[in-house]
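So the protein lines, in turn, are chains A and B.
Residue numbers for the first sequence follow the working numbering, beginning at 1131 and rising by one.
Residue numbers for the second sequence follow the working numbering, beginning at 1131 and rising by one.
Each residue gets a CB set at the ideal place from its N, CA and C atoms; glycine is no exception.
Predicted model, so just to flag it, every value in this text is computed and none were measured.
Number of protein chains: 2
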Amino acid sequence: MANSRMSDEPEMEIKIERQSLHDAILNRLRDMIIEGHLPPGARLNEGQLGARLGVSRTPLREAIKFLASEGLVELVPSRGAMVKEFGAKEVLNMLQVAGALEQFAGRCAVEVASDKGIAAVRAMHDEMLVCYRRGDRLDYYKLNQAIHTAIVALADNDTLSEIHARLQTRLKRIRFIGHEGPEKWASAVAEHEEMMAALEARDADRLAKILGEHLTRAWERVKDGLES
Amino acid sequence: MANSRMSDEPEMEIKIERQSLHDAILNRLRDMIIEGHLPPGARLNEGQLGARLGVSRTPLREAIKFLASEGLVELVPSRGAMVKEFGAKEVLNMLQVAGALEQFAGRCAVEVASDKGIAAVRAMHDEMLVCYRRGDRLDYYKLNQAIHTAIVALADNDTLSEIHARLQTRLKRIRFIGHEGPEKWASAVAEHEEMMAALEARDADRLAKILGEHLTRAWERVKDGLES
DNA sequence: ATCAAGTATTTTGTATACAGACTTCAGAAC
DNA sequence: GTTCTGAAGTCTGTATACAAAATACTTGAT
């Protein structure tokens, strides 16, 4: 917290038209949590945060309650909200559920997705490969997420997409930790290649198998960076 | 809405110790939505609701934001919250996801559940049969839900339980509609019987198959009561 | 009578005020 | 030196107040 600024002027002021202030606060808080600016276990001081964002406590508290329902923060009575900490078991559980959801999504996708939709995912995949060869980790990471989201979207199931997105959000914070080395990175790329092939072949069983393994590998890549 | 009371006295006042007022409001709102007291599409008037519950708008709004994140209500900018309406496709999607989650839960459960845990589910099942033979729909319904929740809990995956519970909550409102006739009720009971057998035999594939079919049947039981 | 425009009322969104609970820290007792 | 106690300060939880937007209603014109 050495570089956190505690001055009273709202430097990061959120100035949006009235309607979407709620969403603006929400996104900002999410980012602060995901990027570790608000570390796990940290208390969310409503006064400070409000001053920092340039809003009063009322809409801020509403946004915090929203985040609590998303599972990013934890509400402790009379003690406010704190950034939720995830132990190893919880991360494993989240990855397992995400895997199950993606497997289900994959099975639906090969049935209902249009060729165009699959081609769009292929395009993202190719772009991701460019980032990989360029060594551009951040863009690679973003496209990686986007591809998984896109595959889920191919299943044409809003409920599924929403739940998956929520899990992804929680996991984002973790995956930032998983700075895998070059060899693990390469294997992840290879898995993605297989994934695309199975999707384009509309082979449900193969796709489900790969997606399942992909998440298992993801666990192996991040588990060492976790405590307890 | 003929019997809704609009008087200003807070008849349903919530008087709880300071800490859990938030949860109290939350549960009351959830109940009002699930039981249809707040019908789908209805606007949540903060003034009226606050007066009805005996709380000011501030904590009420926080609870509403929480429910919005749960997907029970929809936030419309400058127009407040309204009870979310689910079309046929959305209900089907929710059932499909719930099915996928339960299948995954079942596969985990047969691996990690203790015999004691499975026996507890069996006890609930037997109790449910008593309700069935007694024709007690309400208690049957509650035990039915509890059994599904319990099976998911056997998987020992908090994330899974939480997501499943959230979906169940959304579906509760729908299932109230599905007043199946005696023959369909009997088939549902038969499916539960098979479910228990597969669980006790720790036969993952069979359990998953039955759970999948069970949710498919649930869809057939309720789909006629839905529009578009 | 129907429709349009402008005004009044209602309702949401945000800020502020205040009461109660928690935290912290100083000082006394052991 | 450690631990208990309590008072000051901080923070959360709730209510109220006010501004902006939406809704309802009245009035007038066609």
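{"Query": "First and last residue of the uninterrupted beta strand (DSSP E) at glycine 1210 of chain A", "Result": "1210-1213"}
{"Query": "When B:Glu1321, B:Thr1188, B:Tyr1262 and B:Ala1331 are compared against alanine 1346 of chain B, the one with the closest alpha-carbon", "Result": "The amino acid at residue 1346 of chain B is misidentified as alanine; the sequence shows threonine. Of B:Glu1321, B:Thr1188, B:Tyr1262 and B:Ala1331, the residue nearest in Cα terms is B:Glu1321."}
{"Query": "Whether alanine 1235 of chain B touches valine 1282 of chain B by CB criterion (8 Å)", "Result": "yes"}
{"Query": "C-beta contact flag for methionine 1212 of chain B and glutamate 1200 of chain B at 8 Å", "Result": "no"}
{"Query": "Buried or exposed (CB count within 10 angstroms, at least 16 for buried), leucine 1268 of chain A", "Result": "exposed"}
{"Query": "Backbone secondary structure at leucine 1297 of chain B - three-state DSSP", "Result": "helix"}
{"Query": "Where alanine 1243 of chain A meets chain B, residues with beta-carbon distance less than 8 Å", "Result": "Correct list: empty, because the minimum Cβ distance to chain B is about 15 Å."}
{"Query": "Backbone secondary structure at arginine 1173 of chain A - three-state DSSP", "Result": "strand"}
{"Query": "Chain A residues whose Cβ lies nearer than 8 Å to that of valine 1227 of chain B", "Result": "Leu1231, Phe1234, Asn1287, Thr1289, Leu1290 and Ile1293"}
{"Query": "Supposed close pair methionine 1325 of chain A, leucine 1301 of chain A - CB separation, criterion 8 Å", "Result": "Incorrect: roughly 18 Å between the Cβ atoms, too far for contact."}
{"Query": "Where valine 1203 of chain B falls: helix, strand or coil (DSSP)", "Result": "strand"}
{"Query": "Close beta carbons around alanine 1243 of chain A, own chain, < 6 Å, minus the five adjacent residues each side", "Result": "Leu1284"}
{"Query": "8 Å Cβ cutoff, alanine 1154 of chain A in contact with chain B", "Result": "no"}
{"Query": "For leucine 1290 of chain A and lysine 1314 of chain A, the rounded distance between their alpha carbons", "Result": "29 Å"}
{"Query": "Alanine 1331 of chain A in three-state terms, based on DSSP", "Result": "coil"}
{"Query": "Glutamate 1241 of chain A, DSSP secondary structure in three states", "Result": "helix"}
{"Query": "Beta-carbon gap between leucine 1231 of chain B and tryptophan 1349 of chain B smaller than 8 Å", "Result": "no"}
{"Query": "Contacts of arginine 1191 of chain B in chain A (Cβ-Cβ under 7 Å)", "Result": "Glu1192"}
{"Query": "Glycine 1217 of chain B versus A:Gly1311, A:Asn1287 and A:Ala1331, residue with shortest Cα-Cα distance", "Result": "A:Asn1287"}
{"Query": "Neighbourhood of methionine 1254 of chain B by C-beta distance below 8 Å, restricted to the same chain and skipping five residues each side", "Result": "Leu1273, Ala1276, Ile1277 and Ala1280"}
{"Query": "Residues of the stretch 1325-1358 of chain B with Cβ closer than 7 Å to any Cβ of chain A, in chain order", "Result": "none"}
{"Query": "Reduced DSSP category for asparagine 1287 of chain A - H, G, I as helix; E, B as strand; rest coil", "Result": "coil"}
{"Query": "Test: methionine 1224 of chain B CB closer than 8 Å to a CB of chain A", "Result": "yes"}
{"Query": "Where the stretch 1200-1212 of chain B meets chain A: residues whose CB sits under 8 Å from a CB there", "Result": "Glu1200, Gly1201, Leu1205, Pro1207 and Ser1208"}
{"Query": "Host alpha helix (DSSP H) of leucine 1156 of chain B (start-end)", "Result": "1151-1164"}
{"Query": "Close Cβ partners of lysine 1339 of chain A (< 7 Å) along its chain, the five nearest in sequence each way excluded", "Result": "none"}
{"Query": "8 Å contact criterion, which isoleucine 1192 of chain B and arginine 1191 of chain A should meet: CB distance rounded", "Result": "First, the residue type needs correcting, since residue 1192 of chain B is glutamate and not isoleucine in the sequence shown. Yes, they are in contact, since the Cβ atoms of glutamate 1192 of chain B and arginine 1191 of chain A sit about 6 Å apart, within 8 Å."}
{"Query": "Min CB distance alanine 1198 of chain A to chain B below 8 Å", "Result": "yes"}
{"Query": "Contact set for glutamate 1257 of chain B: own chain, Cβ-Cβ below 7 Å, skip 5 residues either direction", "Result": "Leu1273"}
{"Query": "Proximity of arginine 1160 of chain B and leucine 1202 of chain B at Cβ, strictly below 8 Å", "Result": "yes"}
{"Query": "Contact check, arginine 1332 of chain A vs isoleucine 1164 of chain A, beta carbons under 8 Å", "Result": "no"}
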